[in-house]
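Trainee: Mind having a look at this structure? Questions to follow.
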Amino acid sequence: MAALGCALIYSPTTLSLGEWFNTSNRICNRAVAYGVVLSCKNIVGSACPFLFRGLLDCYGFRITLRIWAAIAVGTSILAIFLIPTHPSSIPSGTHRTRKIPWQFLQHQTFYIYSIAIILQSAGYGIPQTYLSEYARDVTLLSHTFSTLLLTLINIPGIAASSFFGYLSDNKHFPLSATTVTSISAVSSALSTFLFWGLTTQGDVVLLVLFSITFGFFASGYSAAWGGVMNEMEREAAQRNEAIDTGMLYGLLNGARGIGYVSGGLVSVPLLKAGSTSSVGSFGFGTTYGPLIIFTGLSLVFGGSGLLWKWKKLLHLV
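For what it's worth, our numbering labels the leading residue of the sequence shown as 13, then goes sequentially.
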């Protein structure tokens with residue numbers, strides 16, 4: 013129900029944003045606009061860990077859930093009145109049924125990016141779920157410091173979303189959507205393998221480095237979707253086809269949801285497998301080792317669009 017409610021609020025917000033940045037003079041800044049909006053979730057994510065920790069310590073989880081529900085209701089109602097209506101969406105005298113062009117489903121590009129998003133999302137949520145436990149169980153850090161790590165993951169994402177949106181839109185050094193998503197995916201995977209995987213008991217520095225670098229590169233992945241839509245719009249124009257960017261963005265979000273659910277389902281048996289095979293002091297050798305490896309690999313495959321593009325270039329050669 014929480015996921016459904018978030019989708020019901022999030023979808024029309026992003027659709028409205030797509031309408032405002034869907035004209036010829038604004039389309040070049042669409043990825044940046046999406047990046048700025050997505051950075052707002054990191055602002056909330058940076059403050060919430062300490063807010064929740066304080067509420068849990070003072071009131072317990074039942075009252076904390078009720079307080080958070082009240083905050084969600086109040087802020088959501090206020091947000092409804094803040095969303096502007098695009099002039100083209102105002103009903104006129106004659107109402108026409110909106111037809112959605114589905115030709116983009118025949119393009120390989122859509123499926124390549126969808127699969128990449130599923131794979132990246134499967135690993136993206138795992139550190140935010142298990143990093144606090146890892147910090148307490150393996151590196152023996154306090155509750156306060158383990159909570160701080162979650163904040164450190166979210167703070168870099170405030171700048172990262174806008175930055176990766178800019179990389180998708182900039183005119184000086186134009187980068188393809190494939191390149192931008194690959195930078196995010198490969199860099200966050202390296203952060204997982206080199207920093208999280210090599211931490212030892214009491215190793216605070218590597219965990220902090222992991223939180224900052226992972227938070228920056230992984231959070232910027234979805235900001236590159238504006239570039240994905242730009243690329244698919246160019247493909248549609250070359251084939252003289254129409255494309256509904258709102259529907260496209262919604263389907264990309266749906267792929268991300270599949271990835272989140274898949275990562276959550278896989279993480280439980282991976283953690284159980286690790287509990288019987290601790291073989292060293294590094295993160296790879298602890299009970300969280302299989303989780304760390306899965307996270308890194310899924311993030312790497314989140315940049316699989318780059319392999320697909322190289323394959324196309326080699327085929328042309």
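Where a beta carbon is used, it is the ideal one built from N, C-alpha and C, also for glycine.
1) Could you say which of F93, T121 and I79 lies nearest to M241 if we only look at CA atoms?
2) Between which residues of its own chain and P168 is the CB-CB distance below 6 Å, once the five residues before and five after are set aside?
3) Compute the distance between the beta-carbons of G214 and F296, then report whether it is under 8 Å.
4) In whole angstroms, what separates the C-alpha of L179 from that of Y46?
5) Assign R42 to one of two classes, buried (16 or more other C-beta atoms within 10 Å of its C-beta) or exposed (fewer than that).
6) Here's the rule I'm using: 16 or more other beta-carbon atoms within 10 Å means buried, otherwise exposed. How should P302 be labelled?
7) If I measure Cβ to Cβ from S200 and keep anything under 7 Å in the same chain, skipping five residues before and after, which residues do I get?
8) Which residue comes first and which comes last in the alpha helix (DSSP H) that contains Y142?
9) Do you know whose CA, among L219, L94 and E145, lies nearest T204's CA?
10) Would you call the CB atoms of G232 and A189 closer than 8 Å?
11) Tell me, please, whether the segment 190-198 touches the segment 63-81 by the rule of three or more beta-carbon pairs shorter than 8 Å.
12) Roughly how many whole angstroms lie between the Cα atoms of C52 and P186?
13) Are A235 and G177 touching if we call contact CB-CB under 8 Å?
14) Report yes or no: do three or more beta-carbon pairs, one from the segment 54-67 and one from the segment 261-281, lie closer than 8 Å?
15) From what residue to what residue does the alpha helix (DSSP H) around W80 run?
16) Can you tell me the Cα-Cα spacing of G286 and V280, whole angstroms?
17) In whole angstroms, give me the CA-to-CA distance for I305 and V273.
18) Helix, strand or coil for Q213? Go by DSSP, reduced to three states.
19) Using only the alpha-carbon positions, how far apart do I21 and L277 sit?
20) Helix, strand or coil for M13 per DSSP?
21) So, T76 versus F64, is the Cβ gap smaller than 8 Å?
22) Would a check of beta-carbon distances place V273 closer than 8 Å to chain D?
23) Candidates D256, G308, R246 and G315: which alpha carbon is nearest I138's?
Mentor: This is what the structure holds:
1) If you number the sequence shown from 1, residue 241 lands on position 229. That would be T121, whose Cα lies nearest to the Cα of M241.
2) Here residue 168 refers to the residue found at position 156 when the sequence shown is read from its first residue. These residues qualify, in order along the chain: I224, G227 and F228.
3) As a working note, residue 214 is residue 202 in the sequence shown. As a working note, residue 296 is residue 284 in the sequence shown. It is not a contact, given that the beta carbons lie outside the stated cut-off.
4) Taking the first residue of the sequence shown as position 1, residue 179 is located at position 167. Taking the first residue of the sequence shown as position 1, residue 46 is located at position 34. Straight-line Cα distance between these residues: approximately 12 Å.
5) Translated into the one-based positions of the sequence shown, residue 42 becomes position 30. So R42 ends up on the buried side.
6) The residue you call residue 302 lines up with position 290 of the sequence shown. Classification for P302: buried.
7) Within the sequence shown, numbered from 1, the residue matching residue 200 stands at position 188. Taken in chain order, the residues that qualify are F226, F229, A230 and L311.
8) The sequence position of residue 142 within the sequence shown is 130, counting from 1. Start and end: Q120 to D149.
9) Sequence index remark: in the sequence shown, residue 204 carries index 192 (1-based). If you compare the alpha carbons of L219, L94 and E145 with that of T204, the shortest gap goes to L219.
10) Locating residue 232 in the sequence shown gives position 220, where the first residue counts as 1. Locating residue 189 in the sequence shown gives position 177, where the first residue counts as 1. For G232 and A189, no; Cβs fall outside 8 Å.
11) Touching, no, given that fewer than three Cβ pairs across the two stretches are closer than 8 Å.
12) Here residue 52 refers to the residue found at position 40 when the sequence shown is read from its first residue. Here residue 186 refers to the residue found at position 174 when the sequence shown is read from its first residue. The straight-line gap from Cα to Cα measures roughly 25 Å.
13) As a working mapping, residue 235 is identified with position 223 in the sequence shown. As a working mapping, residue 177 is identified with position 165 in the sequence shown. Taking 8 Å as the Cβ cut-off, A235 and G177 qualify as a contacting pair.
14) Fewer than three pairs of CB atoms, one per stretch, sit closer than 8 Å, so the segment 54-67 makes no contact with the segment 261-281.
15) Taking the first residue of the sequence shown as position 1, residue 80 is located at position 68. Residues R42 to L94.
16) Taking the first residue of the sequence shown as position 1, residue 286 is located at position 274. Taking the first residue of the sequence shown as position 1, residue 280 is located at position 268. Each residue's Cα considered, the two are about 10 Å apart.
17) Indexing the sequence shown from 1 puts residue 305 at position 293. Indexing the sequence shown from 1 puts residue 273 at position 261. I305 and V273 have their C-alpha atoms some 18 Å from each other.
18) As a position in the sequence shown, residue 213 is number 201, starting the count at 1. In the structure shown, Q213 adopts coil according to DSSP, grouped into three states.
19) As a working mapping, residue 21 is identified with position 9 in the sequence shown. As a working mapping, residue 277 is identified with position 265 in the sequence shown. Between I21 and L277, the C-alpha separation is close to 25 Å.
20) In the sequence shown, the residue the question calls residue 13 occupies position 1. The answer is coil: DSSP assigns M13 none of H, G, I, E or B.
21) On the sequence shown, position 64 is the one that residue 76 refers to. On the sequence shown, position 52 is the one that residue 64 refers to. Using a Cβ distance threshold of 8 Å, T76 and F64 count as a contacting pair.
22) Judged by its chain identifiers, the structure shown contains no chain D, having just a single protein chain.
23) Mapped onto the sequence shown, residue 138 falls at position 126. The residue with the shortest Cα to Cα distance from I138 is G308.
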